[in-house]
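Shown next, in structure tokens, is the structure this report addresses.
Number of protein chains: 2
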Amino acid sequence: MTATDGRPHVVILGGGFAGLNAARGLTKAPVRITLVDRRNHHLFQPMLYQVATAALSPGDIASPIRSILRKQRNVEVILGDATAIDANARTVQLADGGSLHYDYLIVATGARHSYFGHDEWEPLAPGLKSVEDALEIRRRVLLAFEEAERESDPRRQQSLLTFVIVGGGPTGVEVAGALAEVRNFALRRDFRHINPRSATVMLIEAGPRILATYPDELSDRAVTTLRSLGVEVRTNTMVTDIKPGAVIAGNWTIPTCTVVWAAGNMASPILKTIGCTLDRQGRAVVEPDCSVPDHPELFVLGDAAAFHQEDGTTVPGVSPAAIQMGDYAAKIIRAAVTPKRGATAPRPPFRYWDKGQLAVIGRGHAVADIGKFHFSGILAWLAWVFVHIFFLIGFRNRVIVMTEWAFAYFTYQRGARLITGETSEYSIAPRSKLPAGDTAPKLPAART
Amino acid sequence: MTATDGRPHVVILGGGFAGLNAARGLTKAPVRITLVDRRNHHLFQPMLYQVATAALSPGDIASPIRSILRKQRNVEVILGDATAIDANARTVQLADGGSLHYDYLIVATGARHSYFGHDEWEPLAPGLKSVEDALEIRRRVLLAFEEAERESDPRRQQSLLTFVIVGGGPTGVEVAGALAEVRNFALRRDFRHINPRSATVMLIEAGPRILATYPDELSDRAVTTLRSLGVEVRTNTMVTDIKPGAVIAGNWTIPTCTVVWAAGNMASPILKTIGCTLDRQGRAVVEPDCSVPDHPELFVLGDAAAFHQEDGTTVPGVSPAAIQMGDYAAKIIRAAVTPKRGATAPRPPFRYWDKGQLAVIGRGHAVADIGKFHFSGILAWLAWVFVHIFFLIGFRNRVIVMTEWAFAYFTYQRGARLITGETSEYSIAPRSKLPAGDTAPKLPAART
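Residue numbers (the working numbering), protein chains in the order written: chain A, 1 to 448; chain B, 449 to 896.
Here it is as structure tokens:
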């Protein structure tokens, strides 16, 4: 099953930033590329929280991988689920029974959120990695307000209006800030029996400070901004259990029906089948050329890779790093398939160029840590907006997202506030199924 | 449980065109309104086919009912499922066990598609009434192309590339035209092993002609346009069975994995609980004032009502009729609650003002039947676009939809081509689950 048309066969697992950029980097290379992804779309994950908080529609931040690569004739896109890698036989097993033989393999399968061994928490506290995750969170948040509107028991009403975000990294901060704005502005006048402003948005971080990868002063700035938006920030608070209706941190019980999990990742399980060393987050420990030991033809990129830098740190799991790794692997393969140099081509080690980090907190608020510059507020926010719009794949999406943002910015409204899909069987609010469980509707008599 | 603040209590079931307009018509009336809907959003159904064919996102054609009515302080919106009406006790039963007492009731619960007693067809041939319906159809259509790309058996490949729309009314025509365009343009260069243009789009109508409510010449014009787009139109063809993998019409079997049902409606079941006469489509036969016999306080509007006009025809189930009925019922109630005239207020009969009908067939093609004017082509299409954008609820949606359309029009691309959500257990293509069932992937060797 080796390539029969002479061209080496490059198989890419994952159509995220790393995989997509690797494919594009091989546009002119004399190779045949097969890109396999479980989904048909590339997702612009940095803005996924905007879908979860009803500002954008999924279509605004995702494009079909096929159409992104339509003009690159040496790529074939397969919608499929890779289940195992045989690094010695150089084959990838697909869930449908098929298999692909490769000359070069790029594993860019990313990561899912992890619950530190408490997988039973997942149905109660969804994470934010896929479009489905985002829609599920959006559905739960909007349903919680709907139910609270009809709830007569004040204690349960308050727990319906309590939103807990676990994890004070960029995602947690972005979700907390966005939820605070939904509460403060978007829903302000929609209800008759509850005041959405009375809702509690709580950000819980186990460590001593949020945005731990940022300089201290920016962490502090973020806390100040979040508090000004009305978010309760609790650091040094370790979640010890999540039950239907409550989050437990040590001997502190927080009654809540809506929890968002933004703490901790685990790289995709397929890496286990390579047989290389994995770190605590399940990431493959890679060589300076992003390949795994003894397999110069097998690269692991992006969130799936643990790349140790000279300073002892590992390359962070952010999109710029994934993009750079994708470009790098493409360059290495281009050199290796050049007749003249061939496999003997030297491999200068990968170097992550840290352009800095940006985290948005809310409308007009962000923190930026760019080289020597640490700044926050509207300036950082504008930087964030334009960096992200610029990288957002697809002209259409740029236009639409800009329109939606202009709309959201000037009206404080959120356009994508739809509750769709089946109600999950495993909501943290067991009574949040539609029809609205056994909550007593507010009856006319009850209103006098 | 009667109103205790003196104001009569108007309960409205359904936030569609009829219910929403009835509520708005009572803005200044001395009444207390409770609008109950199973969904949190009003859906602009006339453009739902655009979601099913990946041109628009659900958020573009739906707005939360709460925010539409947020400024109308005499309305309370309840997300809930009304299950039964006790016309004598004047109460509405909710699925969650609660109940609402009313002084006036407006039933505007619309219709679902019906399978003429063959409910077992539903999982195989989804209809197009809700956002979920549209997303399911979009998912099946896009998945069919994905599977065909990897299918090695040419016969199954062709059945994957055959799309059958059952029912030649406006919805069927719109879906058929839009699918033809997806095939002709949007996907043109995305695949490596199949040519999307080789896909078959078939429109099946049991009656002698499509768009039966239109003048003959416009039906013919529609057929010509559909054929020019490459749609196979079969009239006088009655579907006798739908099986996994095939649609059967008499002794003709059409191998297909994707069927869209656009043939026939059934009004919502709650009407059965009123105890009034229902017609064959389950619609409540209403009096000239849109109320049901012996219950002047109970109105049935829109697709849920069978309103017989003097000319013997019934008012068609189109949005303009629903809007007019909503306005009418509001007017009647306004008069009835005016202290001076009170319940004795005369009730001039409802008259449906037929502004004409418009059906879009494809990019730049539509047919219009407006009074004495019958026209088609680009002019009718522009009329359709502007009428629909104009009525589309919400400023934001107008802007976004216009942007998306401009984009789609000038690039032939479809922006919302995402495959999301769980794969239905009951796909007509039993093998279309992700991972892609047991279809053999195209292997390198197979490609030489």
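By construction, the Cβ of each residue, glycine as well, lies at the ideal position given by its N, Cα and C atoms.
Ala108(A) is the residue among Ala108(A), Cys257(A), Phe373(A) whose C-alpha sits nearest the C-alpha of Ala305(A). Pro255(A) is the residue among Val239(A), Ile389(A), Pro255(A) whose C-alpha sits nearest the C-alpha of Gly245(A).
Look at the segment 67 to 78 of chain A: the residues with a C-beta under 7 Å from a C-beta of chain B are Ser67, Arg70, Glu76, Ile78. DSSP places Ile68(A) within a helical segment (H, G or I) once states are collapsed to three. Counting only Cβ-Cβ distances below 7 Å, Ala62(A) has contacts in chain B at Leu866, in chain order. Residues of chain B whose Cβ lies closer than 9 Å to the Cβ of His41(A) are, in chain order, Arg865, Leu866, Ile867, Thr868.
Within the same chain, Leu468, Ala471, Arg472, Leu483, Val523, Val525 come within 8 Å of Leu517(B) by CB-CB distance, once the 5 residues on both sides are set aside. For a Cβ distance threshold of 8 Å, residue set Asn40, Leu79 of chain A lies close to Glu594(B), ordered along the chain. Note on the segment 563 to 650 of chain B: whole beta strand (DSSP E) runs with a minimum of 3 residues are 610 to 614, in chain order. Residues of chain A whose Cβ lies closer than 7 Å to the Cβ of Leu590(B) are, in chain order, Asn40. Listed along chain B is no residue with a C-beta nearer than 7 Å to that of Ser219(A); the closest approach is about 34 Å. For Ala18(A), there is no enclosing beta strand (DSSP E); the enclosing alpha helix (DSSP H) covers residues 17 to 25. Of all residues in the segment 267 to 278 of chain A, none has a C-beta nearer than 7 Å to a C-beta of chain B. For Leu749(B), there is no enclosing beta strand (DSSP E), as DSSP marks it with neither H nor E. The beta-carbon separation of Ile554(B) and Ala777(B), rounded to 6 Å, stays under the 8 Å limit for a contact. DSSP, read as helix, strand or coil, puts Ser268(A) in coil. Asp638(B) reaches chain A at Pro64, Arg66, Ser67, Leu69, Arg70, Val77, counting residues in chain order whose Cβ is nearer than 9 Å. Rounded to the nearest whole angstrom, the C-alpha separation of Ile585(B) and Gly655(B) is 24 Å. When 7 Å is used as the limit between beta carbons, Ser646(B) is near no residue of chain A, the shortest such separation being about 17 Å. Residue burial annotation: Asp567(B) is exposed, with fewer than 16 other C-beta atoms found within 10 angstroms of its C-beta. Spanning the alpha carbons of Arg799(B) and Gln772(B) requires a straight line of approximately 9 Å.
When beta bridges are read from the DSSP output, Ser63(A) appears opposite His42(A).
By the Cβ rule, the segment 209 to 218 of chain A does not count as touching the segment 177 to 193 of chain A, because fewer than three pairs are nearer than 8 Å.
In summary, Arg588(B) is buried, with 16 or more beta-carbon neighbours lying within 10 Å of its beta-carbon over all protein chains present. Look at Gly59(A): its C-beta is under 7 Å from a C-beta on chain B. Leu298(A) and Arg7(A) have their C-alpha atoms some 17 Å from each other. A Cβ-Cβ separation of about 7 Å places Leu651(B) in contact with Glu680(B) under the 8 Å criterion.
If you draw a straight line from the Cα of His113(A) to the Cα of Pro269(A), it comes to about 12 Å. Residue state for Trp801(B) is assigned as coil, using DSSP reduced to three classes.
Under DSSP, His836(B) takes part in no beta bridge, so it has no partner. If you check each beta-carbon in the segment 594 to 612 of chain B against every beta-carbon of chain A, the ones closer than 7 Å belong to Glu594, Arg598. Boundaries for Val479(B): no alpha helix (DSSP H) harbours it, and the DSSP string shows neither H nor E there.
With the rule of 3 Cβ pairs closer than 8 Å, the segment 800 to 810 of chain B counts as touching the segment 757 to 775 of chain B. For Trp381(A), DSSP assigns no beta-bridge partner whatsoever.
By the neighbour-count criterion, in which 16 or more other beta carbons inside 10 Å mark a residue as buried, Trp700(B) falls on the exposed side. A Cβ-Cβ separation of about 18 Å leaves Gly617(B) out of contact with Gly464(B) under the 8 Å criterion.
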